[in-house]
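Trainee:
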Amino acid sequence: MKVATWNINGIKARLETLTTWLEETRPDVVCLQEIKSVDEGFPAAPIERLGYHVATHGQKGFNGVAILSKHRLEDVSRGLPGDPDDLQARYVETVISVPCGALRIGGLYLPNGNPIGTDKFTYKLAWMERLRRHARDRLALEEPFLLMGDFNVIPMPIDAKTPENWLGDALYQPESRAAFRELLGLGFTDCLRASSDAQIFTFWDYQAGCWPKNEGIRIDHVLASPQAADRLTAVGVDRRVRGWDKPSDHVPVWVELDVEPRR
DNA sequence: ATGGCCGGCGCAGCCGGA
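As numbered in the working numbering, the first sequence has no gaps in its residue numbers, which increase by one up to the final residue, 267.
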């Protein structure tokens, strides 16, 4: 089973890019971030025609997440628990039936947090604390669980081509990185880093020729619970998609899991 | 050459992004 995450930076601007990629790579499940659409405005029909069920959690203008799945979506929940006053659409979770049982998937769009020293950064850290609590509760279920999406955190110096350029940025603050490490410390595996020590990026800014110069960062992550990590068979980043016409500034990150029953 | 983008909203130019 192939499960992917992709910050598509606007579903309406990226629909053709998305359907082309879906037809080429045929993932079973896709978590999307930054759909920048309300639920009613999400172009579900062309995606459903490719065999996907669609669950959205959108808002007007920006943010917004979605899950696409070839398998029926069960128990879809929208929003990250812990703050009823938080109206930003950044988290969606679902359960999918697979041969070995249930696979739980949480798709997230973690706040950017820039500029530091403002309420935006405070919001980022508060959101990460809510995520830690929620993730802890989910891990207690001891089931295969993937927590994936645009984390807006550069975990380590190797995860940026030029880390010194990010020293004043919310994505690379000690507090942001520590909160990400705390998540891992709960028992998650950072799937990409577990599979390779290489420098691999998932985002290249549109500005300043970042893509041709390969001035990238790794901020899109797939975290696996122990029960999911135990079934991990492959990890990849679809880097080539950044070179397509009208690309998102992020590229898809995916994992493959063996979901067959064990004796 | 020392600056260079993009999407949404809505129809100009600002907001938000990373």
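Every residue gets a Cβ at the ideal spot worked out from N, C-alpha and C, and that includes glycine.
All figures in this text were calculated on a predicted structure; none of them were measured in a lab.
1. Could you tell me the alpha carbon to alpha carbon distance between LEU22 and ASN11, rounded to whole angstroms?
2. In whole angstroms, what separates the C-alpha of LYS40 from that of ARG267?
3. Using the beta-carbon count (16 or more within 10 Å), is GLY121 buried or exposed?
4. Start and end of the alpha helix (DSSP H) containing TRP25?
5. Check whether the Cβ atoms of LEU188 and LEU135 lie closer than 8 Å to each other.
6. Check whether the stretch 246-255 touches the stretch 167-185, taking contact to mean three or more Cβ pairs, one atom from each stretch, closer than 8 Å.
7. Count the C-beta pairs between the stretch 191-208 and the stretch 115-134 that are closer than 8 Å, then say yes if the count reaches three, no if not.
8. ALA164 by DSSP, collapsed to three states: which one?
9. What are the partner residues of LYS6, as DSSP defines its beta bridges?
10. Tell me the residue span of the alpha helix (DSSP H) that contains PHE46.
11. For SER180, which three-state DSSP category applies?
12. Given ALA174, which residues of its chain have a CB within under 8 Å of its CB, disregarding the five upstream and five downstream residues?
13. Hey, out of VAL96, PHE66, GLY65, whose CA is closest to VAL80's CA?
14. Taking the C-alpha atoms as reference points, what is the distance between PRO230 and LEU54?
15. Within this structure, are the beta carbons of ILE71 and THR29 separated by less than 8 Å?
16. So the beta strand (DSSP E) HIS254 belongs to, where does it begin and stop?
17. For LEU236, collect the residues of the same chain with a Cβ closer than 7 Å to its Cβ; drop the 5 residues on either side in sequence, then sort them by chain order.
18. Please confirm whether PRO88 and HIS138 have their CB atoms less than 8 Å apart.
19. Identify whether ASN169 lies in helix, strand or coil by the three-state DSSP scheme.
20. The alpha helix (DSSP H) spanning HIS138 covers which residue range?
21. Report the option in TYR56, GLY191, GLY62 whose CA atom is closest to the CA atom of GLN37.
Mentor: Put simply:
1. Within the first sequence, numbered from 1, the residue matching residue 22 stands at position 18. Within the first sequence, numbered from 1, the residue matching residue 11 stands at position 7. About 11 Å.
2. Taking the first residue of the first sequence as 1, we reach residue 40 at position 36. Taking the first residue of the first sequence as 1, we reach residue 267 at position 263. If you take the alpha carbons of LYS40 and ARG267, they lie about 44 Å apart.
3. The residue labelled residue 121 in the question sits at position 117 within the first sequence. With fewer than 16 Cβ atoms within 10 Å of its Cβ, GLY121 is classed as exposed.
4. Stepping through the first sequence from its first residue, residue 25 is reached at position 21. Looking at the DSSP string, the run of the alpha helix (DSSP H) that includes TRP25 is 15-29.
5. Walking along the first sequence from the start, residue 188 turns up at place 184. Walking along the first sequence from the start, residue 135 turns up at place 131. No, the Cβ-Cβ distance between LEU188 and LEU135 is not below 8 Å.
6. With a cut-off of 8 Å on Cβ pairs, the stretch 246-255 is not in contact with the stretch 167-185, counting fewer than three such pairs.
7. no
8. Numbered from its first residue, the first sequence carries residue 164 at position 160. Per DSSP, reduced to three states, the secondary structure at ALA164 is strand.
9. Here residue 6 is taken as the residue at index 2 of the first sequence, counted from 1. GLU260.
10. What you label residue 46 is simply residue 42 of the first sequence in a count that begins at 1. Taken as a continuous stretch (DSSP letters only), PHE46 belongs to no alpha helix (DSSP H), as it is neither H nor E.
11. In the first sequence, the residue the question calls residue 180 occupies position 176. Of the three classes helix, strand and coil, the one that applies to SER180 here is helix, per DSSP.
12. Locating residue 174 in the first sequence gives position 170, counting from the first residue. Around ALA174: ASN116, GLY117, ASN118, PRO119, ILE120, LYS124, PHE125, LYS128, ASN156, SER180.
13. Reading the first sequence from its first residue, position 76 is the one you call residue 80. For VAL80, the closest alpha carbon among the candidates VAL96, PHE66, GLY65 is that of VAL96.
14. Position 226 of the first sequence, counted from the first residue, corresponds to residue 230. Position 50 of the first sequence, counted from the first residue, corresponds to residue 54. A straight line joining the alpha-carbon of PRO230 with that of LEU54 spans about 32 Å.
15. Walking along the first sequence from the start, residue 71 turns up at place 67. Walking along the first sequence from the start, residue 29 turns up at place 25. No, they are not a contact pair.
16. Counting from 1 along the first sequence, the entry for residue 254 is found at position 250. Careful: HIS254 lies outside any beta strand (DSSP E) and carries neither H nor E.
17. Reading the first sequence from its first residue, position 232 is the one you call residue 236. Here the set comprises CYS195, ALA228, VAL259, LEU261.
18. What you label residue 88 is simply residue 84 of the first sequence in a count that begins at 1. What you label residue 138 is simply residue 134 of the first sequence in a count that begins at 1. Not a contact, by the Cβ cut-off of 8 Å.
19. Position 165 of the first sequence, counting from 1, holds the residue named residue 169. In this structure, ASN169 counts as helix in the three-state DSSP scheme.
20. For the purposes of this step, residue 138 is taken as residue 134 along the first sequence, with counting starting at 1. HIS138 -> alpha helix (DSSP H) spans 123-143.
21. For the purposes of this step, residue 37 is identified with residue 33 of the first sequence, where counting begins at 1. The candidate whose alpha carbon is nearest that of GLN37 is GLY62.
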